[in-house]
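Sequential numbering of the sequence shown, starting at 21, is according to my numbering. We put the CB at the ideal spot given by N, CA and C, even for glycine. Structure, as structure tokens:
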Amino acid sequence: MTQPADVSDTIRARLFPFPRAHLLSAVDLERPDVDALLDLADAFLEFGRQSAKSLDLLRGRTLINLFFENSTRTQGSFEIAGKRLGADVINMAVGASSVAKGETLIDTASTLAAMRPDLLVVRHWGSGAAELLSRKVGCSVINAGDGQHEHPTQALLDLLTLRRAFGADVGSLSVAICGDIQHSRVARSNVALLQAMGCEVRLVAPPTLLPSEVDRWGGQVFTDMIQGISGVDVVMMLRLQRERMSGAYVPSTREYFRFWGLDADKLAHAAPGVKVMHPGPMNRGVEIDSGVADDPAVSLISDQVEAGVALRMAVLASLAERMEAGQ
Ligand code: NCD
Numbered sequence: 021m022t023q024p025a026d027v028s029d030t031i032r033a034r035l036f037p038f039p040r041a042h043l044l045s046a047v048d049l050e051r052p053d054v055d056a057l058l059d060l061a062d063a064f065l066e067f068g069r070q071s072a073k074s075l076d077l078l079r080g081r082t083l084i085n086l087f088f089e090n091s092t093r094t095q096g097s098f099e100i101a102g103k104r105l106g107a108d109v110i111n112m113a114v115g116a117s118s119v120a121k122g123e124t125l126i127d128t129a130s131t132l133a134a135m136r137p138d139l140l141v142v143r144h145w146g147s148g149a150a151e152l153l154s155r156k157v158g159c160s161v162i163n164a165g166d167g168q169h170e171h172p173t174q175a176l177l178d179l180l181t182l183r184r185a186f187g188a189d190v191g192s193l194s195v196a197i198c199g200d201i202q203h204s205r206v207a208r209s210n211v212a213l214l215q216a217m218g219c220e221v222r223l224v225a226p227p228t229l230l231p232s233e234v235d236r237w238g239g240q241v242f243t244d245m246i247q248g249i250s251g252v253d254v255v256m257m258l259r260l261q262r263e264r265m266s267g268a269y270v271p272s273t274r275e276y277f278r279f280w281g282l283d284a285d286k287l288a289h290a291a292p293g294v295k296v297m298h299p300g301p302m303n304r305g306v307e308i309d310s311g312v313a314d315d316p317a318v319s320l321i322s323d324q325v326e327a328g329v330a331l332r333m334a335v336l337a338s339l340a341e342r343m344e345a346g347q
């Protein structure tokens, strides 16, 4: 059995200064940096399986989790990641406080900057909000989801999950991203990163849930679920984001499940050995059937959550390494 010291030695050997001051987009990193980050995250994942899980790589650093939208797993994942690295982690649920009183994003940013955090993890309903904040605060900003734009750590943790499930040669995989693509920052980040890795990416959705500029995304578009997932190695399901819909995009959730919900019958059209992913939170019986979501032979959904903590530890630790280097 590996002793704790061995794993932390591996972590220290794989640490590298993050190549940028912020992580705003899934394509902020060049391929060698993606590989280095995932190698580091792999070591953190093994570390997280031990009983003693704390390190001091972020000791003395302050991490603020600034969430303008509700979140359970992403916020919790960053909080656990920061705490396991020894940072002081402060959660600010802004929706409930100053913003409700009319404060602008820039005011919030200056207030936070005056508190001198080292790392700011931001989730906001507005596309581009994380980028805007990164120009106003003097610390590293990590985009934890901005509107319908990007969610880079989700795409990176999905890639880590795929690498662990299929081996290093992820570029040979075909991946179908299915469902509410129009409202999904997860889809945008994943399309960009998976294509940069060389994967064949398919976009599978009813016409009402495809963004108007989808032709420019580069993936093959399908408006039939069975055709879209035929022969693919990975089916990545998306949540129907009803909170971002102003009109009726789908006739009813029952109807949606019939045509677009992933169940065992539809999944039988994919390649043998297919794996299923979902960023969560899941609408069971709407976009995915419990029989598929809970089948350990096909579902990578819990693996994604575990990879999320490890990947975020890798991002935080390498940003701190950059700070130590005075960059
Ligand atoms: C995603 C998000 O918030 O963008 N979830 C997540 O980060 N765990 C996807 C979603 O909300 O459907």
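At least one heavy atom of the ligand NCD is found less than 7 Å from the C-beta of GLN261. With a cutoff of 8 Å on beta-carbon distance, ALA225 and THR243 are scored as near each other. DSSP places GLY102 within a helical segment (H, G or I) once states are collapsed to three. When the beta-carbon positions are compared, ALA212 and VAL47 come within less than 8 Å of each other. Taking every protein chain shown into account, the CB of PRO299 has 16 or more other CB atoms within 10 angstroms, so this residue is buried. Excluding residues up to 5 positions away in sequence, ILE201, LEU223, VAL241 lie with their Cβ nearer than 8 Å to the Cβ of VAL234 in the same chain. Pairing LEU140 with GLU99, the inter-Cα distance amounts to about 12 Å. Judged by DSSP secondary structure, MET257 falls outside any alpha helix (DSSP H) and instead within the beta strand (DSSP E) spanning 254-257. Remark: C-beta atoms of GLY102 and LEU132 do not approach each other more closely than 8 Å. Not one heavy atom of the ligand NCD sits closer than 7 Å to the Cβ of THR181. By the CB criterion at 8 Å, ARG208 and ASP166 fall outside the cutoff. For the alpha helix (DSSP H) assignment, the uninterrupted runs of no fewer than 4 residues enclosed by the region 188-224 are, from N- to C-terminal side, 205-217.
Classified as exposed, GLN70 has fewer than 16 neighbouring CB atoms from the shown chains inside 10 Å of its CB.
For the pair LEU182 and VAL190, the Cα-to-Cα distance works out to about 7 Å. The Cβ atoms of ALA345 and PRO137 lie no closer than 8 Å to each other. Taking 8 Å as the cut-off, the beta carbon of LEU152 is found closer than this to the beta carbon of LEU125. A direct Cα-Cα distance of roughly 21 Å separates SER160 from ARG34. In the displayed model, SER97 falls within a helix according to three-state DSSP.
Contact between the region 310-328 and the region 336-345 is not established, with fewer than three Cβ pairs separated by less than 8 Å.
In this structure, ILE162 places its C-beta atom within 8 Å of the C-beta atom of LEU43.
In the structure shown, GLN347 falls within a coil segment according to DSSP collapsed to helix, strand and coil. Proximity of the beta carbon of ARG205 to the ligand NCD is indicated: a heavy atom of the ligand is located closer than 7 Å. Here THR92 is exposed. Its C-beta has fewer than 16 other C-beta atoms within 10 Å.
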